[in-house]
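In what follows, a structure is listed as structure tokens, so that the remarks can point back to it.
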Amino acid sequence: MDERRLGVVSGLGAYALWGIFPLYFPLLEPAGGLEIVAHRVLWSLLFVGLLLTVVRRWGHVRAAVTSPRTLVVLAGAAVLIATNWLIYVYGVNSGQVVETSLGYFINPLVSVLLGVVVFAERLRPLQWVAVGIAAVAVVVLTVDYGRPPWIALGLALSFGLYGLMKKLVRIEAAPGLFLETALVAIPAGAVLAVLHAGGTGTFANAGTGHALLLASAGVATAVPLLLFAAAARRIPLSTVGLLQYLTPLMQLAIGVFVYDEPMPPARLAGFVIVWVALAVFTADTWRHARAGARRAARDAVVATP
12 MDERRLGVVS GLGAYALWGI FPLYFPLLEP AGGLEIVAHR VLWSLLFVGL LLTVVRRWGH
72 VRAAVTSPRT LVVLAGAAVL IATNWLIYVY GVNSGQVVET SLGYFINPLV SVLLGVVVFA
132 ERLRPLQWVA VGIAAVAVVV LTVDYGRPPW IALGLALSFG LYGLMKKLVR IEAAPGLFLE
192 TALVAIPAGA VLAVLHAGGT GTFANAGTGH ALLLASAGVA TAVPLLLFAA AARRIPLSTV
252 GLLQYLTPLM QLAIGVFVYD EPMPPARLAG FVIVWVALAV FTADTWRHAR AGARRAARDA
312 VVATP
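Numbering of the sequence shown is given in the numbering used here, commencing with residue 12 and proceeding in unit increments.
Following this line, the structure appears as structure tokens:
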């Protein structure tokens, strides 16, 4: 299998695994959202630590630990991804899977806006058109829900900010995830201690199968992230950008066809408007990437003696 094909397969694997999360997290009940996220942190820390030992990548962790700036940025990233996990688990386990899918549909557009606000990046005209269309969709969905789609907006903003923080440091996926989970491990342990002291913790009180499912959260968290990292190294970001829509499409299908969540005409119209915005955004990104590739090829030809 050539590198490009391996990258596409890895990317599809990552986004497909994230796409079936709405089927996975309800299996962890009766654990609540805080308990699930705390277990996700601690078991991810253990799993990735074992993985780093097998692949002998502890040097990357030690290098990051010696940089105070890297630790501060990763601490911010850790808080953001834990917040994202908590919002997502709450959305799925409260029967709002459709709205969680909306969060990951609009995430690319939120990330673009964050680039404008934080890094003073300049958007191309069609990118502004896509952002404007998405804003219309949010208004339509606000009218439909009778409130702003807070779960979707919270997911998109927390994950967008998480991606922004990750752009500020250069560290591989596994060492990065290990440090992020290590930085919030003590609060996660404290949450579990309080829950069990109050008699509401479920790890030791709901059977062996439940305990094993909670422990599996470490594998469920790390594997798609590592597949994504493998894909990002092998295929262009424009291809990664197209593949990422697999996750919210799967989540939307699960919400509507598995959990029978309502999709009234106004809500469907809001989603269609979002898809139009994404089509405009993706087409512009793809066109710009191909033009850049053609320019690079021409420059290479000119530079050849």
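Cβ coordinates follow ideal geometry from the N, Cα and C atoms, glycine included.
Quick caveat, the model's predicted, so the values are computed rather than measured.
Check                                                                                                                                                         : Outcome
What do you reckon, are the CB atoms on residue 93 and residue 203 nearer than 7 Å?                                                                           : no
Thinking C-alpha only, which one of 87, 74, 245 and 57 is nearest residue 226?                                                                                : 57
Check whether the Cβ atoms of residue 194 and residue 75 lie closer than 7 Å to each other.                                                                   : no
In the DSSP assignment, find the unbroken alpha helix (DSSP H) run with residue 143 in it and report its ends.                                                : 136-156
I need the boundaries of the alpha helix (DSSP H) containing residue 95, first residue and last residue.                                                      : 79-104
Tell me where the alpha helix (DSSP H) around residue 216 begins and ends.                                                                                    : From DSSP, residue 216 is part of no alpha helix (DSSP H); its letter is neither H nor E.
Just verifying my parser: in three-state terms, what is the DSSP assignment at residue 262?                                                                   : helix
In the DSSP assignment, find the alpha helix (DSSP H) that holds residue 21 and state where it starts and stops.                                              : 14-30
So, with DSSP's three-state summary, where would you put residue 73?                                                                                          : helix
To the nearest angstrom, report how far apart residue 288 and residue 154 are at their CA atoms.                                                              : 19 Å
With respect to the alpha helix (DSSP H) encompassing residue 186, which residues constitute its N-terminal and C-terminal limits?                            : 184-194
Taking the straight line between their C-alpha atoms, what separation do you get for residue 81 and residue 15?                                               : 31 Å
If you draw a straight line from the alpha carbon of residue 235 to that of residue 182, how long is it in whole angstroms?                                   : 17 Å
Can you check the segment 240-294 for any alpha helix (DSSP H) of at least 4 residues that lies completely inside it and give the ranges in chain order?      : 248-254 and 257-264
Are the segment 275-283 and the segment 36-43 touching by the rule of at least three beta carbon pairs closer than 8 Å?                                       : no
Give the secondary structure of residue 49 by DSSP, where H, G and I count as helix, E and B as strand, and everything else as coil.                          : helix
Around the C-beta of residue 189, are 16 or more other C-beta atoms found within 10 angstroms, so that it is buried, or is it exposed?                        : buried
Taking residue 269 and residue 140 to be in contact with their CB atoms under 8 Å, please state how far apart those CB atoms are, rounded to whole angstroms. : Not a contact, Cβ separation roughly 34 Å.
Buried or exposed: which applies to residue 51, given that a residue is buried once 16 or more other Cβ atoms fall within 10 Å of its Cβ?                     : buried
Given this structure, state the Cα-to-Cα distance separating residue 279 from residue 143, to the nearest angstrom.                                           : 18 Å
Kindly indicate which residue of 267, 124 and 298 has the alpha-carbon position closest to the one of residue 34.                                             : 267
Please state the DSSP three-state secondary structure of residue 297.                                                                                         : helix
With 16 as the cutoff for other CB atoms within 10 Å, does residue 245 come out buried or exposed?                                                            : buried
Work out the CA separation of residue 149 and residue 161 for me, nearest whole Å.                                                                            : 10 Å
In the DSSP assignment, the alpha helix (DSSP H) including residue 131 goes from what residue to what residue?                                                : First-last for residue 131: undefined, no H or E at that position.
Quick one: grab the DSSP three-state call for residue 42.                                                                                                     : coil
By the three-class DSSP mapping on this structure, what secondary structure does residue 179 have?                                                            : coil
Would you kindly check if the distance between the Cβ of residue 26 and the Cβ of residue 91 is under 7 Å?                                                    : no
Alpha carbon to alpha carbon, how far is residue 255 from residue 22? Give it in angstroms, no decimals.                                                      : 8 Å
Quick check on the burial criterion: 16 or more other C-beta atoms within 10 angstroms. Buried or exposed for residue 223?                                    : exposed
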